[in-house]
Amino acid sequence: MFGLDKKDFRLLLLVAVLVALAPFILNPFPEGSGMAQFNAGYPDLMQRFVIFGIFAIGFNILFGLTGYLSFGHAAFLGVGSYAAIWMMKLLTMNVIPAIIVSVIVAGIFSLAVGWISLRRSGIYFSILTLAFAQMSYSLAYSVLTPITGGETGLQPKINDPRILDGALANGGTPKANLFGLEMGSSFNLDVGAWVFTFNAGYYLAGIVMLLAFYLSIRIFRSPFGMMLRAVKSNQQRLNYTGLNAKPYTLAAFVISGMYAGLAGGLMVAMDTQVGAERMFWTASGEVVLMSILGGVGTLIGPVLGAGAIKYMENILSKINSDILHTWFAFLPDGLEDFVVTLIYPFIGKGWHLTLGLIFMLVVIFLPGGLVEGGQRVARLFGRKKKSTDTPDGKTTPAE
Amino acid sequence: MGILEVKNVGKRFGGLQALGDVNLSVTENTVHAIIGPNGAGKSTLLNCLVGKLIPDTGSVMFDGQSVLGRKPFEINQMGISRVFQTPEIFGDLSVMENMMIPCFAKRDGAFTANAYAAMMKDKEIIERAEQVLEDMSMADKRHMNAASMSRGDKRRLEIGMCLSQEPRLLLLDEPTAGMARADTNNTIDLLKQIKDERDITISIIEHDMHVVFSLAERITVLAQGTPLVEDTPDNIKGHPKVREAYLGETQDAA
């Protein structure tokens, strides 16, 4: 189906179903209940799940396949965002041109950065990409203020030219839309105590992510993808087999840069503002964490990693000590305070600590990331029906 | 005029003259061995042939074209394949994938942006790779992870990968180094079979005299960066200069 074998097609289908039903799946707790704060099914967060999913999928094409660890991918995300916002200021608030141009501009920028950075490999490559990203960040923050808005960043203004759009209605503000369908518009479905939100922007981003995911499966299963894995495995043998590693790695770099640009463009489509902090090195580091946490070189891993980190960032960080006290109110007073004091450093602003611990546990005990964890669990339960060898004999890069 | 013509090649590393003035002519469809004691410059010479090193002086012509200044992948595309001292294979990939990569390189060239094609649906490449695996009697190992195989099998795979490209010249750098006797004999048999069945020129660098004298039709003895003598194996065995420079150290081999 779609040029995929059965297993890959099933994976794509699974992801499609998850994306489509996310508003239900992520909102398992009734509104107003004590557990409602663990609900992740609100538009803002769901959009972030899929957008960072795209970012991580693209990053994984470079890091997972070729093994080249870029520490500067946030630069491409930022450049894509700036390109998108300028399209919205100059052309139209329709998100289509913004998204397309963000991919193209990020592609061109990553071609330049990759062409230089790929002269080195290993740690030197990582440092070069990091340097480029930090330079981009600093430039966007200072010298390039006329283009980037500097500290304040950019957002569409009422008096922007927008040559393709008609005049705004009196008192109206420019809103990102897809041929008139506003990205911010949502439909609420009330089922008993539950509220499920279906947001136009989320579904657009979700469809784009599915396309991006499909494309990444095709790349993984192509001769090109195999050459990228060969680069990671043994570059010496590759050279002496008559293959030029440079254009392969550069192509992978540009493709992953374009994915990052796409994510940046979508971020602007969902929330029409850009600031330079989007290009800061911590943002580049985050996508590395996502890939490793989910499973480097696997198809679905980066998406899982992106989801896990964004969930913790948005949900765990909102728990405060008052909430903890209500949870443990059933304990005797002294014990309650003690338990809350113990847990407190790991929540709220301390969510990074939890992330760090989970990351360490994954790297030490599950080097294959969450995907490996899933495979182990599956093996534990599926041991009875001991399936025979997989027909294609793939060793690692399954799902 | 041989398929490989090395003329006046010299290479210096700082104060060390690794290669003095090497002249070598390898005739098409023969097995030509290069032997010599440690430090004689055998590996340096080989590296000059495949583009890893660029000699300071002299010329290296393959089939009438100079290889100097070309990158390893370009030289490979000209028809020279190299087998390394320690088997260089794609350890993270399956044996089948290992075999498919050189087939793609042979058919599609040094770079092809076929990111949207389905690798496992490329019948031509799959058939070709399976054929070579069959020839190497490795068909039963096709799903194995290449890194998990024995050294002998890795060597066999590496040779197979080189042969799948139908090179005109196969360079072997101590192909049996560090191998158990059984694996060494298997490799000799394999190389003999290749020599008999194919139109291929083989150039081999080897320490193991047993290997050299079972395979070679011509032998060049290298000592201190210069060729001492070049002759048939029978003449080399009895050659006084060679005994003095090299074979004297390994009585049992002669």
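Respectively, the protein sequence lines represent chains A and B. First residue of the first sequence? That's 750 in my numbering, and the numbers climb one at a time after it. First residue of the second sequence? That's 155 in my numbering, and the numbers climb one at a time after it. All C-beta atoms in this analysis are idealised placements derived from N, C-alpha and C, irrespective of residue type, glycine included.
Need the endpoints of the alpha helix (DSSP H) that Glu251/B sits in, please. Taken as a continuous stretch (DSSP letters only), the alpha helix (DSSP H) holding Glu251/B covers 249-262.
I want to see whether chain A comes within less than 8 Å of Met253/B, judged by CB atoms only; does it? no
Work out the CA separation of Pro910/A and Ser934/A for me, nearest whole Å. C-alpha separation (whole angstroms): 24 Å.
Are Ile373/B and Ile359/B touching if we call contact CB-CB under 8 Å? Going by C-beta atoms, Ile373/B is not nearer than 8 Å to Ile359/B.
Give the single residue among Thr330/B, Ile354/B, Arg352/B whose Cα lies nearest to the Cα of Ser120/B. This structure cannot settle anything about residue 120/B, because the visible part of chain B is limited to 155 through 408.
Extent of the continuous alpha helix (DSSP H) run through His364/B: Counting along the chain, the alpha helix (DSSP H) containing His364/B begins and ends at 363-369.
Cβ shell of Asp262/B (< 8 Å), same chain only, five flanking positions each side left out: Asn268
Element boundaries [beta strand (DSSP E), containing Ser357/B]: 355-359
Where are the alpha helix (DSSP H) runs, 4 residues long or more, that stay fully inside the segment 764-799 of chain A, in chain order? none
Report the option in Gln239/B, Val214/B, Asn183/B whose CA atom is closest to the CA atom of Ser197/B. The shortest C-alpha separation from Ser197/B is found at Gln239/B.
Let me know the secondary structure DSSP gives Thr266/B once reduced to three states. Here Thr266/B sits in coil by DSSP.
Since Asp216/B contacts Ile188/B with CB under 8 Å, what's their CB separation in whole angstroms? This sequence places Phe at residue 216/B; Asp is not what is there. The Cβ separation is near 16 Å, so there is no contact.
Roughly how many whole angstroms lie between the Cα atoms of Lys225/B and Ile243/B? 19 Å
Candidates Phe969/A, Phe808/A, Leu826/A: which alpha carbon is nearest Asp754/A's? Phe969/A
Please identify, using Cβ separations under 8 Å, the residues of the segment 168-191 of chain B that lie next to chain A, in order along the chain. none
Suppose you measure from the CA of Gly1044/A to the CA of Leu987/A; what does that come to, to the nearest Å? Between the alpha carbons of Gly1044/A and Leu987/A lies a distance of about 25 Å.
Alpha carbons only, please: which of Gly1014/A, Leu1115/A, Leu888/A, Gly829/A is nearest the one belonging to Gly950/A? The option with the nearest alpha carbon to Gly950/A is Gly1014/A.
Can you tell me the Cα-Cα spacing of Leu758/A and Val768/A, whole angstroms? It is worth fixing the name first, because residue 758/A is Phe in this sequence and not Leu. The alpha-carbon atoms of Phe758/A and Val768/A are separated by roughly 15 Å.
Apart from the five residues just before and just after Leu839/A, which ones in its own chain have a Cβ nearer than 8 Å to its Cβ? Non-local C-beta neighbours of Leu839/A in its own chain, meaning closer than 8 Å and more than five positions away in sequence, comprise Asp909, Pro910, Arg911, Ile912, ordered along the chain.
Does the distance from the CB of Trp1030/A to the CB of Ala882/A come in under 8 Å? yes
Cα-Cα, which of Gly1105/A, Gln984/A, Tyr873/A, Gly1024/A is closest to Phe227/B? Gln984/A
Contact between the segment 1005-1020 of chain A and the segment 243-254 of chain B is defined here as three or more beta-carbon pairs at a separation below 8 Å; is this criterion met? no
Thinking Leu178/B and Pro381/B are a contact (beta carbons under 8 Å), I'd like their distance in whole angstroms, please. 7 Å
Name the one or two DSSP bridge partners that Asp939/A has. Val944/A
Residues sharing a beta bridge with His186/B, DSSP: Ser357/B, Arg372/B
Three-state secondary structure (DSSP) at Pro1140/A? At Pro1140/A, the pLDDT of 41 sits below 50, so the modelled position is not reliable; the number obtained from the coordinates is stated separately. In the three-state reduction of the DSSP assignment, Pro1140/A falls in the coil class.
Out of Val940/A, Tyr886/A, Trp1100/A, which one is the CA nearest neighbour of Ala1032/A? Tyr886/A
What residues from the segment 264-284 of chain B come within 9 Å of chain A, judged by C-beta to C-beta, listed N to C? Those residues of the segment 264-284 of chain B that come within reach of chain A (Cβ to Cβ, closer than 9 Å) are Ala264, Phe265, Thr266, Ala267, Asn268, Ala269, Tyr270, Ala271, Ala272, Met273, Met274, Lys275, Asp276, Ile279.
Looking only at C-alpha atoms, which of Pro895/A, Met1028/A, Tyr997/A, Ala1000/A sits nearest to Ala741/A? For residue 741/A there is no data in the structure shown, the boundaries of chain A being 750 and 1148.
DSSP-derived helix/strand/coil call for Glu242/B: coil
Any idea what DSSP makes of Gly856/A, helix, strand or coil? The DSSP-derived three-state label of Gly856/A is helix.
Span of the beta strand (DSSP E) holding Ala301/B? Looking at the DSSP string, Ala301/B is not in any beta strand (DSSP E), and its letter there is neither H nor E.
Taking C-beta to C-beta, are Thr317/B and Val286/B nearer than 8 Å? The question names Thr, yet the displayed sequence has Leu at residue 317/B. Remark: C-beta atoms of Leu317/B and Val286/B approach each other more closely than 8 Å.
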